[in-house]
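Working notes for the structure below.
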Amino acid sequence: MGDFQEYFGEIHEMVRHTVKRFVEREIKPYVDQWEEAGEFPRELYEKAANAGILGIGYPEAYGGSGGDIFVKVAAVEELMRCGSGGLTATLNSLDIAIPPILALGTEEQKMRLVPPVLKGKRIAALGITEPGAGSDVANIRTKAVKHGEHYVVNGSKTFITAGVRADQLTTAVRTGGEGYRGISLLVVESDTPGYSVSEKLKKMGWWTSDTGQIYFDECRVPAGNLLGEEGRGFYGITANFERERLQLAIMANMTSQMALEECLKYACEREAFGQPIGEFQVTQHKLADMATLVEATKEFTYRVAAKMDAGVKQIKEVAMAKNFSCTVSDRVTHDAVQIHGGYGYMREYLVERLYRDNRVLSIGGGTQEIMKEIISKHL
Amino acid sequence: MDFDFIESEQSLGRKITACFEEDAVALWKLSEKADSAEMQSELLKWLGRLAPTGYLSLAPEGGENHMRLALAQEALAAISPELFLTVEVSTRIFGRLIADFGTEDQKNEILPGLTAGEIIGSVALSDSEIEFDKGPRETSGTLVQEGYRVSGHKSRVVNAPVAHWIAAKGNTEKGIAVFLIKNDSAGIEVGNPLNTLGYAGCAISDISLDGCVVDSAYVMGPFEDEKVVRSLLAWEDQILTAASLGLMKRSMDAATAYAKGRKKTGKPLIAHQEVGFKLAEMLSLWQTCQLLFYRWAWMADTKDRETQTVRHCAKAFCAESAEKMASSALEVMAGEGFICGNPAEQDFRNSKYLQISGTPSAQSRIKIADNLLDKG
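In the order they appear, the protein sequences are chains E and U.
According to this note's numbering, the first sequence holds residues 798 to 1176 in order.
According to this note's numbering, the second sequence holds residues 50 to 425 in order.
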């Protein structure tokens, strides 16, 4: 007995406390209103930054507060407690937009593009998916042609989380021939001429997320915004997927956890046929199954996170974690609504939102089918 | 910090695998056809091979060694489910019962032979026609001059036909006691091995006790509470969960090898999405079960207050997942998986035992819910 140990220690608890306090004060009182309005105030980024939340897990040299992977896990878990998956994903859009800059960028790029985002002054988003290429990343069509000191970008991106308000988009573009070797990563700033944004997309869930479509029309992007070498973008994207998928797995787990907690409260309060519904064995067994699945999926996700933190490649494992956690959250949110009966269908009950917000988790960051493809190829 | 097993834990797992190489399954099949005496002799050979690895050693009194054993248990359960169950009942349940609840004389007399692989033990818990968690209703010991006179009928006792010692749980006037009975004692009658759906190579039978006199030196208890019962169930759940993981590994290995080795429409089966995706789901489920089991092991060793709830989660989840895995493996292997003797076919049959033994799945759910609702 020795190396197998608890994932969270004192520092992680401090992070939890910080995020929890922020969620209680700055988000929870307003989140229902923001959900209905379809967005949250832009100032929330700066407030989150001032509370030290946006910098969690990022290098101190660029304005972050450092820490291992579990500080990020703890932060995401507590942020999810706001009850809005859309808000969590959008406020955290930097977590998929910034890592490629840190991994592939020059020191100048890092100093220019990272600190303003961690300070909440600028919003960063990631642009991979296109109307004609989602899971099939190697087939993207947005083109970037080099002309002197600029790349001229033409094409479009869709389903971009935080895309409507993003100030900078870490964008997958085709600089070379067909296939994954022709893909590069370019940071496109929203004030670049030729950059335009659609209306917010109306969605089944994640209502507070300003998900949008981005258009590039002869958009001239400085060559200095290319991350790494031309043609290396695909590797940056796939490396980034590991963290994105981990984050989505954590979000799915928290969705399940909160749905379970809501059910436990409801099962004790709600009476039917003269007794609390928690007294019925059919409810008890449902709760037991939910709790078992939550326990199992959390452990799997934590273990994958630990291995990632130790530098062990987890391509297959993180795909398994994402798929399993989403399968669990599908079932748990379904059962949670079922336990709540008619109330579970009503907007004022959290399980209704959890049910809707959950659906995207097994699509975003790579669909369930793509995850299975990855796993089976690694067998 | 890589949150993994330490070297000694991994090493024991490797030793078990190396210990049997490829002959375990083949040899074990012989014992399916043997009578009780031959089965006992065969088992002792295997136990003798296991003993030097340290696998048969017991945790210090009151201590836990879940983590030390986790990988090794999983490895042995995958090599031979029947051998695993037999060894574990003998060592981890019978042996531990004596180590934790026995007198010094009992320990000195029985444990050295047990850990050396020279003795086989069995524990007789279930009386006929009783509720599983309410303790014995039929087997009872009456105080007499020589000790206790024990009578009752125990059903479905694993290892009974091959055991040298049987620990039978029974009621006395002062509470629950455990009677240590040699297999050739007067008044004990061990039935013929029962035909079962799975675990065909295990010796399982009923036992009748008819006025069997047990010297007081061979009695544990009487105990005022049911701690001994709770402990036995917890230990049983541990080995059944490890057994589930072993089954899953066997099913996974068999299905993967088949999918890689067979071709359909010009490409390996595994390259077909329907098969590849099924294997991906199987692998995810198996590894999820592993991690939940390890989590429980860690919590048990560190005496975490949530250990019992996680134990019930792990037991039910792993046992039910083992059946799903075996079923999926059968589908991948199609007709070949349906043939008797195939690991997937065996695992499919074996897996049912894991759900109904120890704490049955339905009972696990009740325990989990009780815990949840108390909190809620």
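For glycine and all other residues, C-beta sits at the position ideal for the given N, C-alpha and C.
Computed from a predicted structure; not experimentally measured.
Original post:
How about Q1177 (chain E): is its C-beta nearer than 8 Å to some C-beta of chain U?
Top reply: Summary: the structure shown does not reach residue 1177 (chain E), with chain E confined to residues 798 through 1176, and so no result is reported for it.
Original post:
Does the separation of the CB atoms of A426 (chain U) and P317 (chain U) fall below 8 Å?
Top reply: Any answer about residue 426 (chain U) is impossible in this case: the structure gives chain U only from 50 up to 425.
Original post:
Roughly how many angstroms separate the alpha carbons of D154 (chain U) and L99 (chain U), rounded to a whole number?
Top reply: D154 (chain U) and L99 (chain U) have their C-alpha atoms spaced approximately 25 Å apart.
Subject >> Interfacial residues, the region 341-352 of chain U to chain E, with Cβ spacing under 7 Å >> reply: From the region 341-352 of chain U, only L341, Y343, R344, W347 and D350 have a Cβ closer than 7 Å to chain E.
**OP:** Return the chain-ordered list of same chain residues with a C-beta closer than 6 Å to the C-beta of L1147 (chain E), the five sequence neighbours on each side being excluded.
**Re:** In chain order, G880 and E1059 place their CB closer than 6 Å to the CB of L1147 (chain E), counting only its own chain and leaving out the 5 sequence neighbours on each side.
**OP:** Take I1172 (chain E) and list the residues in its own chain whose beta-carbon comes closer than 7 Å to its own, dropping the five residues that flank it on each side.
**Re:** Taken in chain order, the residues that qualify are K1113, A1116 and M1117.
Original post:
Between I288 (chain U) and M331 (chain U), what straight-line distance do the alpha-carbon atoms span, to the nearest angstrom?
Top reply: Approximately 22 Å between the Cα atoms of the pair.
Original post:
According to DSSP, which residues form a beta bridge with W214 (chain U)?
Top reply: Answer is U:G170 and U:K231.
Subject >> Short-range partners of chain E found in the region 396-424 of chain U, where Cβ spacing is below 9 Å >> reply: Listed in sequence order: A411, S413, R414, I415, K416, I417, A418, D419, N420, L421, L422 and K424.
Original post:
At a Cβ threshold of 8 Å, is G325 (chain U) touching chain E?
Top reply: By this cut-off, G325 (chain U) is an interface position.
Subject >> Below-8 Å beta-carbon distance, C314 (chain U) vs any chain E residue >> reply: Reading the sequence as shown, one finds Thr at residue 314 (chain U) and not Cys. Not closer than 8 Å to any Cβ of chain E, the Cβ of T314 (chain U) fails to qualify, so no.
Original post:
Is Y842 (chain E) helix, strand or coil when you go by DSSP?
Top reply: Note: Y842 (chain E) maps to helix in three-state DSSP.
Subject >> Reference S376 (chain U); option with closest CA among U:L163, U:H361, U:S60 and U:Q395 >> reply: Looking at the Cα atoms, U:Q395 is the closest of the given residues.
Original post:
Hey, out of U:D423, U:W345 and U:A368, whose CA is closest to T356 (chain U)'s CA?
Top reply: Ranking the options by Cα distance to T356 (chain U), first place goes to U:W345.
Subject >> Other residues of its chain near V1125 (chain E): CB distance less than 8 Å, five sequence neighbours each side excluded >> reply: If the five residues before and after V1125 (chain E) are omitted, its C-beta is found closer than 8 Å to the C-beta atoms of A1049, N1050, S1053, L1090, V1091, A1093 and T1094, all from its own chain and listed in chain order.
Original post:
Enumerated in chain order, which unbroken segments of the beta strand (DSSP E) with a length of 3 residues or greater are wholly contained in the region 894-954 of chain E?
Top reply: Note on the region 894-954 of chain E: whole beta strand (DSSP E) runs with a minimum of 3 residues are 921-924 and 940-944, in chain order.
**OP:** Express the C-alpha separation of E323 (chain U) and T1008 (chain E) in angstroms, rounding to a whole number.
**Re:** Per the coordinates, the alpha-carbon of T1008 (chain E) lies some 33 Å from the alpha-carbon of E323 (chain U).
Original post:
So, is E905 (chain E) buried or exposed, given that buried needs 16 or more other C-beta atoms within 10 angstroms?
Top reply: Looking at its Cβ environment, which holds fewer than 16 other Cβ atoms inside 10 Å, E905 (chain E) is exposed.
Subject >> Cβ of Q122 (chain U) within 8 Å of any chain E Cβ >> reply: Output row for Q122 (chain U): interface = no.
Original post:
Going straight from the alpha carbon of P101 (chain U) to that of M877 (chain E), what length do you get?
Top reply: Linking P101 (chain U) to M877 (chain E) through their CA atoms gives a straight-line distance of about 51 Å.
Subject >> chain U contact residues for S1173 (chain E), given Cβ-Cβ distances below 7 Å >> reply: What S1173 (chain E) touches in chain U, judged by beta-carbon distance under 7 Å, is I319, G325, F326, L328 and A329, going in chain order.
Original post:
Per DSSP, what kind of secondary structure is N1050 (chain E) in: helix, strand or coil?
Top reply: In the three-state scheme derived from DSSP, where H, G and I count as helix and E and B as strand, N1050 (chain E) is classed as helix.
Subject >> Beta carbon of G883 (chain E) nearer than 8 Å to that of W1004 (chain E) >> reply: Yes; because the gap between Cβ atoms is below 8 Å, this pair is in contact.
Subject >> is_contact[D1132 (chain E), chain U] using C-beta, thresh 8 Å >> reply: Chain U places no beta carbon closer than 8 Å to that of D1132 (chain E), leaving this residue out of the contacts.
Original post:
Assuming E946 (chain E) contacts A1020 (chain E) under a Cβ cut-off of 8 Å, what Cβ separation, rounded to an integer in Å, is found between them?
Top reply: E946 (chain E) to A1020 (chain E), Cβ: 5 Å. Contact.
**OP:** Under 6 Å Cβ to Cβ from G854 (chain E), same chain only, skipping five residues before and after it: list those, please.
**Re:** Same-chain partners within the cutoff: G864, V868 and K869.
Subject >> DSSP state of I965 (chain E) mapped onto helix, strand, coil >> reply: Here residue 965 (chain E) is Gln; the residue named in the question, Ile, does not match the sequence. Shown here, Q965 (chain E) sits in a strand according to DSSP, grouped into three states.
**OP:** Return the CA-CA distance between E195 (chain U) and Y267 (chain U), expressed in angstroms with no decimal places.
**Re:** Each residue's CA atom was taken as its position, placing E195 (chain U) and Y267 (chain U) some 11 Å apart.
Subject >> Within 8 Å, strictly: CB atoms of E380 (chain U) and K416 (chain U) >> reply: At a Cβ-Cβ threshold of 8 Å, E380 (chain U) and K416 (chain U) do not count as neighbours.
Original post:
T1094 (chain E) touches chain U at which residues, Cβ-Cβ below 8 Å?
Top reply: For T1094 (chain E), the C-beta contacts it makes with chain U under 8 Å involve T337, in order along the chain.
**OP:** Mind reading off the beta-carbon distance from I898 (chain E) to K954 (chain E)? Whole number of angstroms is fine, and I expect it under 8 Å.
**Re:** That belief does not hold up - the Cβ atoms of I898 (chain E) and K954 (chain E) are roughly 17 Å apart, past 8 Å.
**OP:** Excluding the 5 residues preceding and the 5 following R962 (chain E) in the sequence, name in chain order all residues of the same chain whose CB lies nearer than 7 Å to its CB.
**Re:** Within the same chain, Cβ atoms closer than 7 Å to the Cβ of R962 (chain E) are found at R839, I920 and D1007, the five residues on either side in sequence being excluded.
Subject >> Bridge-paired residues (DSSP) for Q1072 (chain E) >> reply: Residue pairing by DSSP puts Q1072 (chain E) in a beta bridge opposite E:A1069.
Original post:
Does the distance from the C-beta atom of S413 (chain U) to that of K373 (chain U) stay below 8 Å?
Top reply: It is not a contact, given that the beta carbons lie outside the stated cut-off.
**OP:** Take L296 (chain U) and list the residues in its own chain whose beta-carbon comes closer than 8 Å to its own, dropping the five residues that flank it on each side.
**Re:** The answer, listed in chain order, is A126, A127, P130, A371, M374, A375, D396, N399, S400 and L403.
Subject >> For V873 (chain E) and T885 (chain E), the rounded distance between their alpha carbons >> reply: Between T885 (chain E) and V873 (chain E), the C-alpha separation is close to 7 Å.
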